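In what follows, a structure is listed as structure tokens, so that the remarks can point back to it.
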Amino acid sequence: MKGLIPLLKKEIKEQIRTHRLLIVGGVFLCFGLMAPLLQYFMPQILKMASEQVVVEIPAATSLTSFTDFVSYFGQFGILIAVLVAMGAIANELKHGTALITLSKPVSSGAFVNSKFIAISLTLLVSQTVAAVFCFGYTVWLIGEAALLPFIWMNLLMALFLIFCLALTLAFSSLFKSSLAAGGIAVGTTFAMGFLASLPVIGEYLPSKIIGWGVNLLSGTGHPYWGALVVTVVGIFLCLYSSQRILKRKEI
Amino acid sequence: MIAIKTEQLTKFYGIVKALHELNLEVPENVVFGFLGPNGAGKSTTIKLLTAFAQPTSGRAFVAGEEVTGDNLALRAKIGFLPDVPAFYDWMTGREFLHLVGELHSLSAKEVKNRTEEMLEMVELKKAGNRRIAGYSRGMRQRLGIAQALINHPKVIFMDEPTSALDPIGRREVLELVSRLKQTATIFMSTHILSDVERVCDMVGIINKGHLITVSSVSDLQKQYTCSMFEMEFQEDGSRFVEALKQIPWLSKPEFVPDHGRPMVRVTAVDIARAKKELPHVIGESGLTLTRYELVMPDLEDIFVNVINGRDTK
Chain S
0 MKGLIPLLKK EIKEQIRTHR LLIVGGVFLC FGLMAPLLQY FMPQILKMAS
50 EQVVVEIPAA TSLTSFTDFV SYFGQFGILI AVLVAMGAIA NELKHGTALI
100 TLSKPVSSGA FVNSKFIAIS LTLLVSQTVA AVFCFGYTVW LIGEAALLPF
150 IWMNLLMALF LIFCLALTLA FSSLFKSSLA AGGIAVGTTF AMGFLASLPV
200 IGEYLPSKII GWGVNLLSGT GHPYWGALVV TVVGIFLCLY SSQRILKRKE
250 I
Chain L
0 MIAIKTEQLT KFYGIVKALH ELNLEVPENV VFGFLGPNGA GKSTTIKLLT
50 AFAQPTSGRA FVAGEEVTGD NLALRAKIGF LPDVPAFYDW MTGREFLHLV
100 GELHSLSAKE VKNRTEEMLE MVELKKAGNR RIAGYSRGMR QRLGIAQALI
150 NHPKVIFMDE PTSALDPIGR REVLELVSRL KQTATIFMST HILSDVERVC
200 DMVGIINKGH LITVSSVSDL QKQYTCSMFE MEFQEDGSRF VEALKQIPWL
250 SKPEFVPDHG RPMVRVTAVD IARAKKELPH VIGESGLTLT RYELVMPDLE
300 DIFVNVINGR DTK
């Protein structure tokens, strides 16, 4: 994969210089803080809002805090992963920077994979920061929490975000419009989310691994190994397709 | 030695024939000007020669390498300047050249040295640490040239390299191109004919996907020399026109009074005879000749003639 190292260095530098790492990290950190803080302070907020109306809210637990965290990532985390990746290739094709880069002895694999690795690192670093704060605040404000299931849940969620990223990159190499790439990637991801509720086929769709993560937190339900395998294979297929599309594309 | 060779190179876009059986040979160390009107097939040819497009049929060789999409050895031997070079605007010019050097697998020392050499050559040394986003159009074009040369390419492809530059920028780029032919072959597509006259050793003219002619600029001028003579006299030459009308191997003699200086213009029916006998006719007229010229067409005239000739076929 000729040219991977210099391109990866350039991509990582771009994540920092264009403040993408800072922005994604900041937004993810908000998710990490929001879950335990809202769980803890919501009863007090509601009480302050109206003293006459009594709203029964179940007591905050580490499980509800972590479930909220998963919920934020399952919706907004995906959107952010798509937003960050949708222009990665499409914009280079549209603006002509890909033309100069690919005129050098660089394989299309190196071009795609450098972007994939750099954006994955941005997402992983941001998610790790968010997870650390979420866990810390949950333990501090709400009480004891099991660390290991939380780590496993985060790994599964990270894998799903990386799948969304790979899917978006594949569409980004197909279209010169980043909006088209992003729109189709979001549509496909959410469609998979709906299809995941179907019997049999749903158990093999990548979005099911988020459900598996929640099951790990609550200690109920069963693992979805089929979905895990499909997700990993899907990531490789998306990256391979992206390289093939780029290789055949007239730039 | 041949730097660029194509064999029956053909490209179709659907049913549109963008390039038809191009057979071309460009020798080493020349500046080759590829001329043609808009939509003639110039950019398609460059795309095919730089492996950014796949031919429908035919083959091409550049710097001894067959042009295929996955031939990275080819890319290591060529330099490419697109018509509108685009860069990562968040980078500085120096950082961008550094990246390009690394992509060419130059050693760390070579990368550093070549980056500085290139910045010096294109006069961007002072602006090297500025972000590319703040570069002017001319500076971007010069950075584009620098990135195309960093690897000591054997063949350099330039797509309309001067089209968006001001006269000073154009002159600088053309001087650079002239210097480069000592070490590389330059394939330059353009429709600015004065640029071609100034720097190109060879010219290829393409229209509607067909290569019409390949020749040196001087040979083209000889080939398309028109049989028109222009004469200027110290005295009034209007009466001489009447005398010329009687000569059967001449036609359309005319007196052109509103030219900068009044002149007589005549077309030869028999050019060889006219070259031999017209000076005697002038001598016998008793007029004092101040200018006598067999008109050489400029490249613009030739270009128009060639293109129109092809169109009428």
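Chains as they are written, first to last, in numbering that gives the first Met the number 0: chain S, 0 to 250; chain L, 0 to 312. Built from N, CA and C at the ideal position, the CB exists for glycine as well. Note that the structure is a prediction, hence the values are computed from the model and not measured.
Excluding five sequence positions before and after V83 of chain L, the CB atoms of its chain that fall closer than 8 Å to its own CB belong to A163, given in chain order. V216 of chain L and V195 of chain L do touch by the CB rule: their CB atoms are close to 7 Å apart, below 8 Å.
The beta carbon of S176 of chain S sits closer than 8 Å to the beta carbons of A89 and K93 from its chain, once the five residues preceding and following it are set aside; these are given in chain order. Taking 8 Å as the Cβ-Cβ cut-off, the stretch 79–109 of chain S approaches chain L at H94, G95, T96, L98, I99, T100, L101, S102, K103, P104, V105 and S106, given in chain order.
Nothing from the stretch 247–273 of chain L brings a Cβ to less than 9 Å from some Cβ of chain S. Just measuring C-alpha positions, the residue of S:L20, S:A109 and S:L45 sitting nearest I79 of chain S is S:L20.
With respect to the C-alpha of L122 of chain S, the residue from S:G95, S:L164 and S:G86 having the closest C-alpha is S:L164. When the alpha-carbon of L82 of chain S is set against those of S:T96, S:V228, S:I22 and S:R243, the nearest one is in S:I22.
At a cut-off of 8 Å, the C-beta of I250 of chain S has a neighbouring C-beta in chain L. In the three-state scheme derived from DSSP, where H, G and I count as helix and E and B as strand, G201 of chain S is classed as helix.
Taking 7 Å as the Cβ-Cβ cut-off, the stretch 80–92 of chain L approaches chain S at P81, V83, P84, A85, F86, Y87 and W89, given in chain order. The continuous beta strand (DSSP E) containing Q7 of chain L extends over residues I1 to Y12. Assignment of E24 of chain L by DSSP, reduced to helix, strand and coil, places it in the strand class. Residues are counted here when their Cβ sits less than 9 Å from a Cβ of chain L; for the stretch 192–205 of chain S the count is zero. Ranking L:M138, L:Q181, L:S284 and L:I149 by CA distance to the CA of P160 of chain L puts L:M138 first. Minimum Cα-Cα distance from K111 of chain L among the listed residues L:R93, L:A126, L:L123 and L:V121 corresponds to L:R93. Among the residues facing chain L, K114 of chain S is not included, as its CB has no counterpart in that chain under 8 Å away.
Around the beta-carbon of V268 of chain L, fewer than 16 other beta-carbon atoms lie within 10 Å, marking it exposed. Taking a C-beta cut-off of 9 Å against chain L, the contacting residues of the stretch 11–24 of chain S are K12, E13, R16 and T17, listed in chain order. In this model, K153 of chain L and R16 of chain S are separated by some 35 Å (Cα to Cα). Residue S:F159 holds the alpha-carbon nearest to the alpha-carbon of V228 of chain S among S:G181, S:S172 and S:F159. With contacts defined as CB atoms closer than 8 Å, E229 of chain L and R264 of chain L qualify as a contacting pair. With respect to the 8 Å criterion, K180 of chain L and V30 of chain L are classified as neighbours on the basis of their beta carbons.
Non-local beta-carbon contacts of E20 of chain L in its own chain, meaning distances under 6 Å to residues more than five positions away in sequence, involve Q7 and T9 in chain order. Cβ-Cβ separation between T184 of chain L and A2 of chain L: approximately 4 Å, consistent with a contact (criterion under 8 Å).
For secondary structure counted as the alpha helix (DSSP H) over 4 or more consecutive residues, the stretch 251–297 of chain L holds these complete runs in sequence order: 270–284. P261 of chain L and K275 of chain L have their C-alpha atoms spaced approximately 24 Å apart. For A17 of chain L, the three-state secondary structure derived from DSSP is strand.
Taking a C-beta distance under 8 Å as the contact criterion, I205 of chain L and K4 of chain L do not qualify as a contact pair. Distance check between F79 of chain L and each of L:G32, L:I155 and L:A107 places L:I155 closest, using alpha-carbon atoms only.
For A59 of chain L, the beta-bridge partners assigned by DSSP are L:T5. Assigned with DSSP and collapsed to three states, S102 of chain S falls in coil, not helix or strand.
Annotation: the continuous alpha helix (DSSP H) that includes M33 of chain S extends over R19 to A48.
At a cut-off of 8 Å, the C-beta of K1 of chain S has a neighbouring C-beta in chain L.
For the pair L47 of chain L and L18 of chain L, the Cα-to-Cα distance works out to about 10 Å. Within the same chain, Cβ atoms closer than 8 Å to the Cβ of L36 of chain S are found at Y136 and L140, the five residues on either side in sequence being excluded.
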